[in-house]
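In this text, residue positions in the sequence shown follow the numbering used here: the first is 66, and each later residue adds one.
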Amino acid sequence: MNKPLNPNFVSAILIGFTILILTALPIRIEFARNEVDAQQTQEPEHTQAMTVAQAEVNTVEFTLRTRIGGEPAMAFIGVGGEIDGVVNPDLVVNLGDTVRITV
66 MNKPLNPNFV SAILIGFTIL ILTALPIRIE FARNEVDAQQ TQEPEHTQAM TVAQAEVNTV
126 EFTLRTRIGG EPAMAFIGVG GEIDGVVNPD LVVNLGDTVR ITV
């Protein structure tokens, strides 16, 4: 005769084994702040040249039109200049330039 197991008995056995395993395993949880000491860096030799270049700020403007559908499914199309009609064009600027993008 097979007698069905009582669900409460099965639950009690599973909880007991879980407690036994958790007490036997060496588990340690530790919370610590991530601290990093600042490092001093040497200024590059071309620092003065960069400062002069940054003083002569150029504003570079790009106009992009969005396209949904086609290949790729969503894309930006360049409008005007070297990027006219280019799908997802690479926008190339110089360090220190101010960039204005119109979509």
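No residue lacks a Cβ here, since even glycine has one placed at the ideal position from N, Cα and C.
The structure presented is a predicted model; accordingly, all values stated were derived computationally and were not measured.
(1) Tell me the rounded alpha-carbon separation between G143 and G161.
(2) Heavy atom of the ligand COA less than 7 angstroms from the Cβ of G150, yes or no?
(3) Could you give the distance in angstroms between the alpha-carbon of G146 and the alpha-carbon of G135?
(4) Which of helix, strand or coil does DSSP assign to A77?
(5) Could you tell me which of L87, R165, I84 sits nearest to N123, measuring between CA atoms?
(6) V157: which of R130, V125, A140 sits nearest, CA to CA?
Walking through what the data contain:
(1) 22 angstroms
(2) Of the ligands one can find in the structure shown there are none, so the ligand COA has no counterpart to examine.
(3) 23 angstroms
(4) helix
(5) R165
(6) V125
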